[in-house]
Structure formats: C-alpha cells, structure tokens
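S.K.: Before I ask anything, let me first share the structure, which is written out below as structure tokens.
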Amino acid sequence: MKAVVYTEYGPPEVLHLTEIAKPVPKDNEVLIKVHATTVTVGDTRMRSFTVPRGQWLPARLYLGIRKPRRPILGMELAGEIEAIGKDVTRFRPGDAVFASTFEVGFGGCAEYKCLPEDGLLAIKPANLSFGEAAAAVGGGMTAWRCLQRGRLQPGQSVLIYGASGAVGTNAVQLASRHFGADVTGVCSTANLNLVRSLGAVRVIDYTRDDFTGDGPIYDVVFDAVAKVAPSHARKALKTTGVYLNAHKHSDAPAKVRSAALLAVKELIEAGKLRPVIDRVYPLEQIVDAHRYVDQGHKRGNVVITIGQTGLTSQEKSS
10 MKAVVYTEYG PPEVLHLTEI AKPVPKDNEV LIKVHATTVT VGDTRMRSFT
60 VPRGQWLPAR LYLGIRKPRR PILGMELAGE IEAIGKDVTR FRPGDAVFAS
110 TFEVGFGGCA EYKCLPEDGL LAIKPANLSF GEAAAAVGGG MTAWRCLQRG
160 RLQPGQSVLI YGASGAVGTN AVQLASRHFG ADVTGVCSTA NLNLVRSLGA
210 VRVIDYTRDD FTGDGPIYDV VFDAVAKVAP SHARKALKTT GVYLNAHKHS
260 DAPAKVRSAA LLAVKELIEA GKLRPVIDRV YPLEQIVDAH RYVDQGHKRG
310 NVVITIGQTG LTSQEKSS
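The numbering of the sequence shown is this note's numbering, which starts it at 10 and goes up by one.
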C-alpha cells in the first residue's frame with residue numbers, strides 16, 4: 010500500500026511517498042481503507058521536531074531519539090471498513106467511519122490503517138464527506154472537551170483566542186450554537202469575516218488591538234492555540250471567570266475522549282457544527298501541504314485525500 014513516511018526530522022522534504030506492507034487486523038481490530046486524513050500543526054511539529062525547550066527530552070523519548078519511531082504521520086482519518094477481526098462486534102465491512110489515531114501511534118497518511126474497535130472510532134456523520142469527517146475529529150473533540158470543562162452556560166460571555174484555527178473554528182460554533190453563549194473571537198484581519206460567520210457576535214483583530222484592553226469582561230477565556238501567557242489571558246476574565254487552554258486540557262481518559270467523539274458526531278448531524286476546510290491536497294502533494302501549514306496561517310483544517318471517494322464538489326475543486 011502507499012504511505013507517506015519520514016525517517017529523519019526536518020523540513021517538509023523529509024516526507025516520502027512509498028510502498029509498505031498492508032496491515033492485517035488483529036482479532037479485536039478493524040482494517041480501514043483510508044479516504045482522507047489531515048495535516049495538523051501537531052504533525053508539522055513532530056516532523057520538524059519543533060517542541061518547547063522544557064519538553065525536549067520527553068518528546069524525544071516518545072517520538073524517537075535519533076530518528077522517528079512512528080514514521081507515518083496523520084492524527085485523524087475517515088474511510089471505510091474493509092475487514093474486521095474475529096472478535097469485532099461493533100462494526101462490519103462497508104461501514105463508513107471517522108477516527109482519531111492519536112492513541113495508536115498515528116498513521117493516517119496511508120491507504121490503510123488498523124484500529125481497535127474500542128478505540129477512538131465511530132460511524133461517520135451521514136451529512137459529511139470523508140474529507141470533512143477527517144477534519145472534524147481532533148479540533149472538534151478538543152473544543153468540546155475544553156468548553157465542557159468551562160461549564161459554559163447560556164448567556165455567558167466567552168472569548169476565544171485563535172478563533173480561526175482548527176480548534177477555534179469548532180469552539181466558536183459550539184459556544185454560540187450549542188451552549189448559547191455570547192462569543193468574541195480573536196483572530197487576524199484576514200479571518201474576521203470567517204469567525205463572524207461561525208457565530209461570533211464580536212471579533213477582535215489581534216494585529217491591531219489587545220483583547221484585554223476593555224478590562225475583565227468575560228466569563229470564560231479560551232486560548233485555542235496556546236499562544237497567550239495565562240497571566241495575560243486572565244486579565245480579560247471576570248473575578249469568577251474560567252481560563253481554558255487547548256494544550257493544558259488536551260489529555261483525557263479514553264472514555265472521555267470516546268464520549269467527545271460521539272458528541273461531535275451528534276452535533277454535526279444536528280447541524281450545530283461543521284468543520285472548516287482551508288485547503289485540500291492529494292496524498293501525492295503531502296510536502297506542499299506541510300509547507301502550507303508551516304506558514305502558520307491556515308484557516309480551520311488542511312485535508313489530505315487518498316483517492317477521490319466521498320469528496321464534495323467544493324473539496325474536489327480546492
């Protein structure tokens with residue numbers, strides 16, 4: 010099967026499309042024919058080994074000291090189940106699914122991937138294409154879990170910093186359409202209209218204005234990109250307000266993460282949430298996709314397609 014691998018850390022050019030053995034599902038696993046995955050900031054950081062200084066050693070031990078231990082990137086995917094192990098009961102061949110690969114060593118950038126049936130795997134939302142479904146996983150789950158932690162209530166005010174990214178675009182939609190909050194989004198000039206269209210009643214251009222300038226006016230401040238010093242973000246909070254950070258709250262027990270994936274599926278099918286897709290690349294152009302994400306300006310998600318199955322007309326023309 011085709012897969013994109015990297016055997017050294019470095020720029021996008023370390024990625025190579027090659028042929029590797031097709032995996033065989035274990036008794037408790039399903040074999041997924043992958044139709045779409047994504048390139049996230051996390052993928053590009055692993056590829057280049059760009060991590061904070063304080064996390065260098067644990068990251069090196071996890072990812073690989075001299076070379077990558079997990080040579081296939083891709084944190085999320087969508088596709089169809091081609092085969093199942095003898096103990097699998099939840100899924101059957103032909104099921105359209107979407108999933109996170111975060112807990113199984115990644116691997117979405119390949120034609121096939123095996124996942125345990127009790128992993129972060131669910132039937133694909135019926136109203137999304139495979140490309141859209143792959144883009145819905147990571148950002149949607151993170152936004153949902155973080156806002157749940159914030160105990161956001163109808164009518165409360167929430168500020169979302171990084172509102173145009175993969176997590177932020179989901180958070181704006183969830184906060185406004187599901188939780189019924191009054192949303193202020195912080196983003197760059199180019200993305201103001203996008204964030205408004207997702208449900209923000211107010212937008213702040215961080216290149217021109219400091220979101221703390223009006224004083225502590227928010228019930229919740231959510232840093233969806235983990236780029237603001239917590240002490241600075243808290244300046245915009247009410248005395249009883251809640252500060253949330255996407256990276257700080259990214260870890261969760263498997264049961265919580267599974268519940269989050271199912272919640273994202275239900276919200277999508279209810280019309281309250283839809284992933285924002287910036288660009289779509291075929292697997293053969295994975296290097297170009299990484300170059301683009303490296304620029305740091307993506308809006309929502311960058312999708313990688315493996316074949317043309319399940320793409321919307323808009324995705325095909327991207």
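Here a beta-carbon is modelled for each residue, glycine too, at the ideal position from N, C-alpha and C.
Can you confirm whether the stretch 27-40 touches the stretch 295-307 when touching is taken to mean that 3 or more C-beta pairs between the two stretches lie within less than 8 Å?
M.R.: In short, these stretches do not touch, since the Cβ pair count stays below three.
S.K.: Would you call the stretch 50-64 and the stretch 89-97 in contact, with 3 or more CB pairs under 8 Å?
M.R.: No: the two stretches stay apart, fewer than three of their Cβ pairs being nearer than 8 Å.
S.K.: Taking only the alpha-carbon atoms, compute the straight-line gap between Pro-239 and Asn-37 and give it to the nearest angstrom.
M.R.: For the purposes of this step, residue 239 is taken as residue 230 along the sequence shown, with counting starting at 1. For the purposes of this step, residue 37 is taken as residue 28 along the sequence shown, with counting starting at 1. For Pro-239 and Asn-37, the distance between alpha carbons rounds to 42 Å.
S.K.: Pull up the distance between the alpha-carbon of Arg-186 and that of Phe-111, whole angstroms please.
M.R.: Indexing the sequence shown from 1 puts residue 186 at position 177. Indexing the sequence shown from 1 puts residue 111 at position 102. Distance between the alpha carbons of Arg-186 and Phe-111: 28 Å.
S.K.: Here's the rule: buried if 16 or more other CB atoms are within 10 angstroms of the residue's CB, otherwise exposed. What is Glu-324?
M.R.: Position 315 of the sequence shown, counted from the first residue, corresponds to residue 324. Because the pLDDT at Glu-324 is just 49, under 50, the model does not fix this residue reliably, and the value given afterwards should be weighed accordingly. Result: buried.
S.K.: Roughly how many angstroms separate the alpha carbons of Val-312 and Ala-209, rounded to a whole number?
M.R.: Walking along the sequence shown from the start, residue 312 turns up at place 303. Walking along the sequence shown from the start, residue 209 turns up at place 200. Roughly 25 Å between the two C-alpha positions.
S.K.: Which same chain residues end up closer than 6 Å to Asn-254 when comparing Cβ atoms and leaving out the 5 residues on each side of it in sequence?
M.R.: Start at 1 with the first residue of the sequence shown, and residue 254 comes out as number 245. Correct list, in chain order: Asp-232 and Ala-235.
S.K.: Mind listing, in chain order, the continuous beta strand (DSSP E) runs of no fewer than 3 residues lying wholly within the stretch 108-144?
M.R.: Listed in chain order, they are 121-125 and 130-132.
S.K.: By Cβ distance below 6 Å, which residues in the same chain neighbour Ala-272 in space, the five residues on each side in sequence not counted?
M.R.: Within the sequence shown, the letter at position 263 stands for residue 272. Taken in chain order, the residues that qualify are Trp-153.
S.K.: What residue from Ile-29, Glu-85 and Phe-58 has the CA that sits closest to Leu-270's CA?
M.R.: As a working note, residue 270 is residue 261 in the sequence shown. Ranking Ile-29, Glu-85 and Phe-58 by Cα distance to Leu-270 puts Glu-85 first.
S.K.: I'd like the ranges of any beta strand (DSSP E) spanning at least 3 consecutive residues and lying wholly in the stretch 188-224.
M.R.: The stretch 188-224 contains these whole beta strand (DSSP E) runs: 191-196 and 211-214.
S.K.: Determine the burial state of Ser-166: buried for a count of at least 16 other Cβ atoms within 10 Å of its Cβ, exposed for fewer.
M.R.: One-based indexing of the sequence shown puts residue 166 at position 157. Buried is the call here.
S.K.: For the structure I just gave you, are there three or more beta carbon pairs, one from the stretch 111-126 and one from the stretch 205-222, closer than 8 Å?
M.R.: Contact fails: fewer than three Cβ-Cβ distances are below 8 Å.
S.K.: Take Ile-213 and list the residues in its own chain whose beta-carbon comes closer than 6 Å to its own, dropping the five residues that flank it on each side.
M.R.: Sequence index remark: in the sequence shown, residue 213 carries index 204 (1-based). These residues qualify, in order along the chain: Val-195 and Phe-220.
S.K.: Using a threshold of 8 Å, state whether the C-beta atoms of Val-146 and Ala-199 are closer than that.
M.R.: As a working mapping, residue 146 is identified with position 137 in the sequence shown. As a working mapping, residue 199 is identified with position 190 in the sequence shown. No, the Cβ-Cβ distance between Val-146 and Ala-199 is not below 8 Å.
S.K.: Does Pro-291 come out as helix, strand or coil in the three-state DSSP assignment?
M.R.: Looking up residue 291 in the sequence shown gives position 282. Reduced to three states, the DSSP call for Pro-291 is strand.
S.K.: Using the beta-carbon count (16 or more within 10 Å), is Tyr-71 buried or exposed?
M.R.: Along the sequence shown, read from residue 1 onward, the residue named residue 71 stands at position 62. Tyr-71 should be labelled exposed.
S.K.: Kindly indicate which three-state DSSP category His-44 falls into: helix, strand or coil?
M.R.: Translated into the one-based positions of the sequence shown, residue 44 becomes position 35. Strand.
S.K.: My parser needs the beta strand (DSSP E) runs of 3 or more residues fully inside the stretch 49-99; what are they?
M.R.: Listed in chain order, the complete beta strand (DSSP E) runs (minimum 3 residues) inside the stretch 49-99 are 85-93.
S.K.: Would you identify the three-state DSSP class for Val-251, choosing helix, strand or coil?
M.R.: As a first step, residue 251 is located in the sequence shown; it is residue number 242 there, counting from the start. Strand, per DSSP.
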